[in-house]
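Undergrad:
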Amino acid sequence: MESNRITRLFARFARLEEGEAMEYRPLVDLAVAEIRECLREGVEESETLELVCAAQAYYRYALVRSASSPQGSFSANGVTVSRSGAQDEIDRARRMRDEFWAAASHLLCDRGAFTFCRMEE
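Quick look at the structure:
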């Protein structure tokens, strides 16, 4: 997986200029490391996995933005302004991330899924 290409994809998802996206390169690097750990044995890296990495980085970017922006609402002169955009972005990023993970599920190990199974004696 090529980190510069993943960073460009991340920038597109987050609607950032490439220079701005470089500030968040650690999120991309973290996503790449995480995805590489989840590769099934014998799977080669592909563009599909680069999309998963970019979507994972975008999801974390949305979380970071939400944590660093003011939340809630305020009123002035009888007008109330509320901030729900950050949560909307997190929800969109989560759906995107989950969609790309699902598309690459045949390449990746399960992410902490718990499965009940019956033990045979």
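The sequence shown begins at 287 in the numbering used here and counts up by one. No residue lacks a Cβ here, since even glycine has one placed at the ideal position from N, Cα and C. Here the structure is a predicted model, which is why all the values come from computation and not from measurement.
1. If you draw a straight line from the alpha carbon of Ala-379 to that of Glu-385, how long is it in whole angstroms?
2. May I ask which residues mark the beginning and end of the alpha helix (DSSP H) holding Met-308?
3. DSSP three-state label for Val-365, please.
4. Using only the alpha-carbon positions, how far apart do Met-382 and Ala-341 sit?
5. Using DSSP with H/G/I as helix, E/B as strand and the rest coil, what is Leu-393?
6. Since Ser-354 and Asp-315 are thought to touch, with beta carbons under 8 Å apart, how far apart are those beta carbons, to the nearest angstrom?
7. Tell me the DSSP secondary structure of Ala-297 in three-state form.
8. Whole angstroms is fine: what's the gap from His-392's alpha carbon to Glu-309's?
9. Would you kindly report the start and end of the unbroken alpha helix (DSSP H) that includes Arg-346?
10. Got a sec, what are the start and stop residues for the alpha helix (DSSP H) Arg-322 sits in?
11. Output the distance between the C-alpha atoms of Ala-362 and Asp-396, rounded to the nearest integer angstrom.
TA: In brief:
1. If you number the sequence shown from 1, residue 379 lands on position 93. If you number the sequence shown from 1, residue 385 lands on position 99. Their backbone Cα atoms lie some 10 Å apart in a straight line.
2. The count along the sequence shown starts at 1 and reaches residue 308 at position 22. Element bounds for Met-308: 304-308.
3. In the sequence shown, residue 365 corresponds to position 79, counting from 1. DSSP places Val-365 within a strand segment (E or B) once states are collapsed to three.
4. Reading the sequence shown from its first residue, position 96 is the one you call residue 382. Reading the sequence shown from its first residue, position 55 is the one you call residue 341. Their Cα atoms are separated by approximately 6 Å.
5. Translated into the one-based positions of the sequence shown, residue 393 becomes position 107. In the structure shown, Leu-393 sits in coil (DSSP, three-state: anything other than H, G, I, E or B).
6. As a first step, residue 354 is located in the sequence shown; it is residue number 68 there, counting from the start. As a first step, residue 315 is located in the sequence shown; it is residue number 29 there, counting from the start. Taking 8 Å as the upper bound for CB-CB distance, Ser-354 and Asp-315 are not in contact here, some 20 Å apart.
7. Here the question's residue 297 lines up with position 11 in the sequence shown. Ala-297 falls in the helix class under three-state DSSP.
8. Indexing the sequence shown from 1 puts residue 392 at position 106. Indexing the sequence shown from 1 puts residue 309 at position 23. Approximately 32 Å, taken between the alpha carbons.
9. The sequence position of residue 346 within the sequence shown is 60, counting from 1. Note, Arg-346: alpha helix (DSSP H), 333-354.
10. Within the sequence shown, the letter at position 36 stands for residue 322. Where Arg-322 is concerned, the enclosing alpha helix (DSSP H) stretches over 311-324.
11. Numbered from its first residue, the sequence shown carries residue 362 at position 76. Numbered from its first residue, the sequence shown carries residue 396 at position 110. Straight-line Cα distance between these residues: approximately 49 Å.
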